[in-house]
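Chemist: Provided herewith is a single structure, encoded as structure tokens, for subsequent inquiry.
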Amino acid sequence: MDYKNIMIDVNNGIAILTFNRPKSLNALNSELFDEMLQVLHELSVHTEVKVLVLTGAGEKAFVAGADINEISRFNPSQAKLFSKKGHIAIGMLQDLPFPVIAAVNGFALGGGSEIALACDFIYASENAKFGLPEINLGIIPGFGGTQRLPRLIGKNLAKEMIFTGKMISAEEAKNIGMVNQVCKAESLMDEVLKTAGLITQKGRIPLREAKQTINNGFDVDLTTGCELEINSFSLCRSCEDATEGIRAFIEKRKAEFKGTLQG
1 MDYKNIMIDV NNGIAILTFN RPKSLNALNS ELFDEMLQVL HELSVHTEVK VLVLTGAGEK
61 AFVAGADINE ISRFNPSQAK LFSKKGHIAI GMLQDLPFPV IAAVNGFALG GGSEIALACD
121 FIYASENAKF GLPEINLGII PGFGGTQRLP RLIGKNLAKE MIFTGKMISA EEAKNIGMVN
181 QVCKAESLMD EVLKTAGLIT QKGRIPLREA KQTINNGFDV DLTTGCELEI NSFSLCRSCE
241 DATEGIRAFI EKRKAEFKGT LQG
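Residue 29 in this note's numbering is what sits at position 29 of the sequence shown, and the numbering runs on without skipping anything.
Laid out in structure tokens, this is it:
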């Protein structure tokens, strides 16, 4: 299916979702979120996708935030619905049963940073800028920024970013643990696809279980988290990929994983 605000491509187990509103610096509006929800639902049941890469069309922005023209027309009730729609879409992104990599090229402000924060990790170009500048508009982050950012970089650093609305560079974002790698702009996608390619060589079920166990473990105490790990470890061992992986290791050959998402 063709979309107005999003491009999607799937090849060799890697899905690439491109936010495609370059004239608006890929700003988020209601229509884009509707398309995002549909695309993510389709990807969640796709039998070939092992990793998703998010990026933005053009050279200036990943996503420069929400569409201010649309927000300016909202009353409080409409603002609440817009925030909720964004939360649902970004929550669905976070809960996909495979890894998600944000390839941040340029500005990732407001909703752009919030989308990146919901990914499993972030690669950024040297010219990337991150920030939650909503305070400058008299509002606060509306798509999870007040919750995901403190969990990633700590409460005090998150408060400083949100209270001041300042932007930080890709290198600064890496130094505080927000970004995994900083790459030259021209090699960003090559580096992302290199990592994505490594992920596609792994089994579907252990990828799913590792992601869910790590994410769910953050919301519980250590003992409960370890119980989650025990159960996921056991589930993985009951699947064909574990048998194949162990046999391949013993036979000193590359494993050929063929597991499905039914586990």
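We put the beta carbon where it would ideally sit given N, CA and C, even for glycine.
In three-state terms, what does DSSP make of F218?
Modeler: F218 falls in the coil class under three-state DSSP.
Chemist: Who are the Cβ neighbours of I168 in its own chain at under 6 Å, not counting the five residues just before and after it?
Modeler: F130, listed in sequence order.
Chemist: Residues in the same chain with beta-carbon distance under 8 Å from Q262, minus the five sequence neighbours each way, listed in chain order, please.
Modeler: Low local confidence applies: a pLDDT of 41 at Q262 is under 50, so the model's placement there is unreliable, and no value is given.
Chemist: Helix, strand or coil for S125, going by three-state DSSP, please let me know.
Modeler: In this structure, S125 counts as strand in the three-state DSSP scheme.
Chemist: Rounded to a whole number of angstroms, what is the C-alpha to C-alpha distance between K50 and N216?
Modeler: Taking the straight line from one Cα to the other gives about 20 Å.
Chemist: Confirm, please, whether the CB-CB distance from L109 to G65 is below 7 Å.
Modeler: The answer is yes: Cβ separation under 7 Å.
Chemist: To the nearest angstrom, report how far apart T146 and E229 are at their CA atoms.
Modeler: So the alpha carbons of these two residues sit roughly 28 Å apart.
Chemist: Give a yes or no on whether the C-beta atoms belonging to I90 and I115 are separated by under 7 Å.
Modeler: Yes, Cβ-Cβ distance for I90 and I115 is below 7 Å.
Chemist: Do you know offhand how far E171's Cα is from K252's?
Modeler: When rounded, the distance between both Cα atoms is 40 Å.
Chemist: Does the pairing of the region 237-254 with the region 201-214 give three or more beta-carbon distances under 8 Å?
Modeler: Yes, since at least three Cβ pairs between the region 237-254 and the region 201-214 fall closer than 8 Å, the two stretches touch.
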